[in-house]
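Each residue of the sequence shown is one higher than the one before, counting from 230 in this note's numbering.
For each residue, glycine too, the CB sits at the ideal point set by N, CA and C.
Every value quoted in this text rests on a predicted model; they were computed, and no experiment measured them.
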Amino acid sequence: MLLLQANKMSKSFGTDLILSNINLEVQSQERIALVGKNGSGKSTLLKIFAGELSYDSGHLTLAKDVSIGYLEQNSKLESNETLFQELLKVFAPLVAMEKDLREMEVKMADPESFATSKEYEKFLSQYDQLQTSFTQLGGYTYESDIRSVLNGLGFGSFPQDMTVNMLSGGQKTRLSLGKLLLTKPDLLILDEPTNHLDIETLTWLENYLQHYPGALLLVSHDRYFLDRIVNKVYEISRGESTKYHGNYSKYLDQKAANYEREKQLYEKQQKEVADLQDFIQRNIVRASTTKRAQSRRKKLEKMELLDRPAGDDPSARFSFTILKQSGNDVLHVEDLSIGYHRDQPINAHLSFSIRRTESVALVGPNGVGKTTLIKTIASQLPKLAGSVTLGSQVTIGYYDQEQSTLSTNKTVLNELWDDFPTTPEKDIRTVLGNFLFTGDDVLKPVYALSGGEKARLALAKLMMKKDNFLILDEPTNHLDLDSKEVLEAAIIDFPGTVLFVSHDRYFINRITTRVLELTSEGLTDYLGDYDYYINKKAEQEEIERMEQEKHQVALPEKERTEGRHAFEEDKRAKKEERRRQRRIEELEEHIESIEQSISEKEEQLLNPEIYSDHDKARELNDEIVIAKEQLDTLMDEWTSLQT
């Protein structure tokens, strides 16, 4: 079913044409990504589809009664409710329905309050209908659904009385995402849903969206996420849209193949045009060949000339170099405690070392102190206890994800030039041009820059410093996909040492030689890339499971027997749970099929040819009655399995 269709749609802001020729459609259950450079109009397009912005020309068609849910990059959620109560608002109709059911049950407990038995039976029928609706709409599962989403999005450990207004901006956006997921609209529009999520939460969100019943239209700069979720990609470039089938990696392959094919066709035609023009020029005035020359001129005039294939929009171009090489030992951390209050450290007793040319990723859940740790190492925060020792000739270049080192009242040009006053203006402008600040862009005030522009300016300053030890806090935040790839290449070729925090799994995998996992229990070292880290963790969990089983064997007979019984009981319970879940899924498929069949038959009864044929109408009605009886039986079983 077609949910949304845009045809030749355009949008301008003042004299700036943002979107000029957008053709896009969304079918039921499709998973679509919008990709393109920062500023290409992706977020603008999502806002138009969500009804938050108007468009200038073209057509936008929505299916009748289609429901759309929209998550923008920064949530405006404000509420004095607790997190649970805020999500409970999604189910307000079910809460009201449940209240009605409880009141009806109280009344049903006193049959004498009914004037007649017929009135009582009618009331029972109304209760039965309401309870069926309540069950079908998820009345017995909505509270567990809320808790599941809260846990999945990392709110499980938050105090139950914490209110929405006590959350940070990123946490509010995350809660808005949870609220939107629970509404289950036909079309879910998400603008950068992976921002503010740690890797564990990202994995949960991926699994959730893979089983989401509606359609998805999203913007994300997380390539792992796009590869796992989407099956179609629309690229927005130079105001126009181009469709590609498959996930993000397939889009890249198709785009490269299309460009190569168009380039070959263009070059072949250009050679043919040159040959024709040369023949015409040499032969048009000669009596013996003028007819052939005229024939070729007509052919040339009729030829539909191909445009030169447009390459990619400009990308940032930069590399990191060093002024001097450090010693082999770059960093040694010993028994370090970090935090903002000596009596309440965020994490403690941390010890590790880094050697020259290593590229080390610091990973772990939100809240364990990753940013605090690298700020402490970079002398942005004082250490609470322990030691941080830098090696010989080590100089630190620190990248702050908040770009707090930028002066908001300066222009882009002065922000860079003031830090390197001996560098000629021409060279400063060249550097800024490599980071996509051209022309009057360099005269913009820093406060007017977008998140991506501030990130590029901060990277320009980092590049100019030429330090040999880069400490980076979420360096890929706000960068578009092309800029991420340039940054990856620059770090891979960097002759120094890197320690960084990132939630971008693709980025981690490309540049990492080692992973440090920080948890509330301390640090664990993994000598490999992100994939190695994930595989090693899974292997360790399997070893722990086997050790537990071995430990059971070593117990005294009584304890061993009790342990075996508990293990067998747990095994049986898990098996029974899997069987229950499979049966629930079977029932839901069967129920959906019967409901569809009933709906089709009821529509047929509205057909004049059918309802005027009494025999056919009676036959259809009997089939509907039988189907509804089957449906009631299945719903009873489904309800019993839910409890």
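Boundaries of the beta strand (DSSP E) in which residue i is found, first to last residue
i: Val-502; result: No beta strand (DSSP E) contains Val-502, which is instead part of the alpha helix (DSSP H) from 477 to 512.
i: Leu-635; result: First-last for Leu-635: undefined, no H or E at that position.
i: Gln-256; result: 245 to 256
i: Arg-260; result: 260 to 264
i: Ile-625; result: 625 to 628
i: Tyr-755; result: 751 to 755
i: Ile-567; result: 558 to 567
i: Tyr-473; result: 469 to 474
i: Asn-236; result: 231 to 242
i: Thr-618; result: 614 to 619
i: Thr-748; result: 743 to 748
i: Asp-702; result: 698 to 702
i: Val-660; result: First-last for Val-660: 654 to 663, but that is the alpha helix (DSSP H), not the beta strand (DSSP E).
Residues of its chain near residue i, where Cβ-Cβ distance is below 8 Å and the 5 sequence neighbours each way are ignored
i: Leu-708; result: Asn-267, His-450, Gly-681, Ala-684, Arg-685 and Leu-716
i: Thr-640; result: Val-671, Leu-672, Lys-673, Pro-674 and Val-675
i: Gly-556; result: Arg-585, Gly-620, Ser-621, Gln-622 and Val-623
i: Thr-605; result: Leu-565, Ile-567, Pro-611, Lys-612 and Val-617
i: Leu-323; result: Phe-363, Leu-366, Gly-367, Gly-368 and Tyr-371
i: Thr-753; result: Leu-745 and Glu-746
i: Pro-650; result: none
i: Lys-845; result: Ile-839
i: Val-502; result: Leu-529, Met-532 and Leu-534
i: Val-597; result: Ile-575, Asn-576, Leu-747, Thr-748 and Ser-749
Cutoff 6 Å; reference residue i; Cβ partners in own chain excluding five residues on either side
i: Met-326; result: Phe-363
i: Thr-550; result: Lys-695
i: Leu-699; result: Gly-626 and Val-727
i: Ala-235; result: Ile-251, Leu-253 and Leu-289
i: Tyr-299; result: Ala-279 and Ile-418
Buried/exposed call for residue i, threshold 16 Cβ in 10 Å
i: Ile-375; result: buried
i: Gln-389; result: exposed
i: Ala-486; result: exposed
i: Pro-653; result: exposed
i: Met-692; result: buried
i: Tyr-453; result: buried
i: Ser-470; result: buried
i: Pro-422; result: buried
i: Glu-771; result: exposed
i: Lys-461; result: buried
i: Gly-385; result: exposed
i: Val-378; result: buried
i: Pro-724; result: exposed
i: Leu-534; result: exposed
i: Tyr-569; result: exposed
i: Arg-734; result: buried
i: Thr-600; result: buried
i: Ala-767; result: exposed
i: Arg-403; result: buried
Boundaries of the alpha helix (DSSP H) in which residue i is found, first to last residue
i: Gly-681; result: 680 to 694
i: Val-319; result: Run containing Val-319: none; DSSP gives neither H nor E here.
i: Arg-739; result: 734 to 740
i: Arg-457; result: 452 to 458
i: Val-671; result: Val-671 -> no alpha helix (DSSP H), and no H or E assigned at all.
Proximity of residue i and residue j at Cβ, strictly below 8 Å
i: Asn-252; j: Lys-237; result: yes
i: Val-559; j: Phe-581; result: no
i: Thr-430; j: Gly-398; result: no
i: Leu-645; j: Leu-661; result: yes
i: Ala-183; j: Val-744; result: For residue 183 there is no data in the structure shown, the boundaries of the chain being 230 and 872.
i: Gln-258; j: Leu-231; result: no
i: Ser-588; j: Thr-742; result: yes
i: Arg-457; j: Glu-435; result: yes
i: Ile-740; j: Ile-763; result: no
i: Ser-283; j: Gly-468; result: no
i: Leu-635; j: Leu-602; result: no
i: Lys-401; j: Ser-342; result: no
i: Pro-704; j: Ser-679; result: no
i: Asp-702; j: Gln-632; result: no
i: Ser-466; j: Ser-269; result: yes
i: Gly-383; j: Asp-415; result: no
Residues near residue i in its chain [Cβ-Cβ closer than 7 Å; skip 5 each side]
i: Thr-311; result: Gln-389, Asp-390, Met-391 and Thr-392
i: Val-873; result: Only positions 230 to 872 of the chain appear in this structure, which leaves residue 873 out of reach.
i: Lys-492; result: Pro-538
i: His-819; result: Leu-863
i: Ala-689; result: Leu-645, Val-660, Leu-661 and Phe-664
Residue i beta carbon near the ligand GDP (any heavy atom closer than 7 Å)
i: Arg-526; result: Absence of the ligand GDP is noted for the structure shown, with no ligands found whatsoever.
Could you tell me which uninterrupted beta strand (DSSP E) segments, each at least 3 residues in length, are contained entirely in the stretch 293 to 361, listed from first to last along the chain? 297 to 300
Which runs of the beta strand (DSSP E) at least 3 residues long sit entirely within the stretch 403 to 447? Give them in chain order. 416 to 420
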